[in-house]
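Here's the structure we're looking at; comments come further down.
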Amino acid sequence: MRVIVVGAGILGASAAYHLAAGGAEVVILDPMLEGRATAAGAGIVCPWSSRVTDPDWYRLSGGGARDYPMLVVQLAEDGETDLGYRRVGALCIAGDEGGLDETEARIRARMAEAPEAGALSRLPPAEARALFPPLRPEEPALHLSGAARVDGRLLAAALLRAAQRRGAVAHRDVVVGLLAEGGRVRGARTAGGVFEGDAVLLAAGAWAPPLLAPLGLELAVQPQRGQILHLLLPGQQTRDWPVLLPMSHHYLLAFDDSRVVVGATRELGSGFDHRLTAGGVMQVLRQALDVAPGLAGATLHEMRIGMRPMGPDLKPLLGPVPGVEGLVIGNGLGAGGLTMGPYAGRLLAQHLLRGAAEISLAPYDPRRG
0 MRVIVVGAGI LGASAAYHLA AGGAEVVILD PMLEGRATAA GAGIVCPWSS RVTDPDWYRL
60 SGGGARDYPM LVVQLAEDGE TDLGYRRVGA LCIAGDEGGL DETEARIRAR MAEAPEAGAL
120 SRLPPAEARA LFPPLRPEEP ALHLSGAARV DGRLLAAALL RAAQRRGAVA HRDVVVGLLA
180 EGGRVRGART AGGVFEGDAV LLAAGAWAPP LLAPLGLELA VQPQRGQILH LLLPGQQTRD
240 WPVLLPMSHH YLLAFDDSRV VVGATRELGS GFDHRLTAGG VMQVLRQALD VAPGLAGATL
300 HEMRIGMRPM GPDLKPLLGP VPGVEGLVIG NGLGAGGLTM GPYAGRLLAQ HLLRGAAEIS
360 LAPYDPRRG
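Take the sequence shown: its position 157, counted from the start at 1, is 156 in numbering that gives the first Met the number 0, and no numbers get skipped.
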């Protein structure tokens, strides 16, 4: 089976890897444009604390968290270990004891079927601050040991390299159209040539709708700009700091290189505006310093922009398009891309290779709108 994968963000890269591992002939097409959501995403793996109650959303997010350890092992077997992935736990803060009670109840309800969530404990302010030193001193927290963080750029790049080791071929080309005839999509056209296959997996994020319009298909996806800030704390060992998840503020997470990531804005209606804005920077910094005033002396290192593909609701758009043979959609992951994207890619690869995924894709019908 020959599959043309259009888009090499986290979902497309994962699908390409799992397709190649399953024996498919894979061609990957992606121009690596500025503003891809994967490159700017924070990479928090902690669906158990989310306020989102939709069971279909949680099935994918929870499945994504459960899938990560297996994916990390698989990639290590393929020689890829630099993923920025680490199980560091999470601190959930809510501003008051009532908010913590509500958050704890929500997490415990999900833990019964999610042993990967780890242990949950309530920490007094001093213990919470010992784990995340910049935290404001009066803040109690819930500590959830199973949460993890991952670097989206590193993970997507690792998936692509591993896919290519297994025979996939990648082209840094802009796809200008899909090849369709008689109700069947049979390939993609770029400025550099034509690529035909048995199926096309369209995983081009917010850039996908114009590729479907000539086929008379609408995809209810629009870009949502996210501005995310990277801070440096020279001399501080941040490797084991937990993810900080305020229930009403932006998140904070730390990586191995004395770096703390804060964000991100959620600017629906932004279009493809790649500018960093004064208001966006101010919003991210203000909320970060509110919950973690110890970051006031940090160095401003980098600001990233990502265009999240937002669907009509919180659920992704995944699966075949009825009435159009050979076309499979992977899109609409929104702010949850780095939690559920690798798992969604695995599911779409299963669908293409076996004719069915391990869970039903019906709730994620890409025709929704």
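Even glycine gets a Cβ: it sits at the ideal position worked out from N, Cα and C.
Collapsing the DSSP output to three states places residue 244 in a strand. If only uninterrupted beta strand (DSSP E) runs of at least 3 residues are considered, those enclosed by the region 42-127 are 89-92 and 119-122. A direct Cα-to-Cα measurement between residue 216 and residue 173 gives close to 20 Å. Between residue 282 and residue 298, the CB-CB gap reaches or exceeds 8 Å. Looking at the backbone, the Cα of residue 304 and that of residue 272 are separated by about 9 Å. Counting only runs of 4+ residues, the alpha helix (DSSP H) found wholly inside the region 208-244 occupies 208-211, in chain order.
About 6 Å separates the CB atoms of residue 262 and residue 249; that is less than 8 Å, so the two are in contact. Between residue 326 and residue 168, the beta carbon gap of about 20 Å keeps them out of contact (Cβ cut-off 8 Å).
Contact between residue 146 and residue 87 holds: their C-beta atoms lie close to 7 Å from each other, under 8 Å.
Contact check between the region 88-103 and the region 234-249: three or more CB pairs, one atom from each, fall below 8 Å, which counts as touching.
Rounded to the nearest whole angstrom, the CA to CA distance from residue 158 to residue 43 is 18 Å. Distances from the CA of residue 30 to each of 4, 21, 46 and 14 were compared; the closest alpha carbon is that of 4. Minimum Cα-Cα distance from residue 224 among the listed residues 276, 330 and 109 corresponds to 276.
Shown here, residue 147 sits in a strand according to DSSP, grouped into three states. Judged by their CB atoms, residue 113 and residue 47 are nearer to each other than the 8 Å cut-off.
By DSSP's assignment, residue 308 forms a beta bridge with 222. Shown here, residue 273 sits in coil according to DSSP, grouped into three states, outside any helix or strand. Secondary structure note for residue 313: it is in no beta strand (DSSP E), with a DSSP letter that is neither H nor E. Apart from the 5 residues on each side of it in sequence, residue 231 sits with its Cβ closer than 7 Å to the Cβ of 257, 258, 297, 298 and 300 in its chain, given in chain order. Residue pairing by DSSP leaves residue 191 without any beta bridge partner. About 7 Å separates the CB atoms of residue 182 and residue 322; that is less than 8 Å, so the two are in contact. Around the C-beta of residue 222, 16 or more other C-beta atoms lie within 10 Å, and the residue is accordingly described as buried. Between residue 37 and residue 151, the gap from beta carbon to beta carbon is short of 8 Å. As the crow flies, the alpha-carbon of residue 236 is around 41 Å from that of residue 358.
Counting along the chain, the unbroken alpha helix (DSSP H) around residue 351 starts and ends at 336-353.
In the three-state DSSP reduction, residue 264 falls in the coil class, being neither helix nor strand. Put simply, of 337, 292 and 340 the residue whose alpha carbon is nearest the alpha carbon of residue 131 is 292.
Residue 62 places its beta carbon less than 8 Å from that of residue 342. For residue 104, the closest of 141, 94 and 80 by C-alpha to C-alpha distance is 141.
Looking at 125, 7 and 355, the one whose alpha-carbon comes closest to that of residue 35 is 7. Among the bridge pairs identified by DSSP, residue 180 is matched with 183. Closest in alpha carbon position to residue 318, among 274, 200, 139 and 108, is 200. In the three-state reduction of the DSSP assignment, residue 332 falls in the coil class.
Residue 250: member of the beta strand (DSSP E) spanning 250-253, first to last residue.
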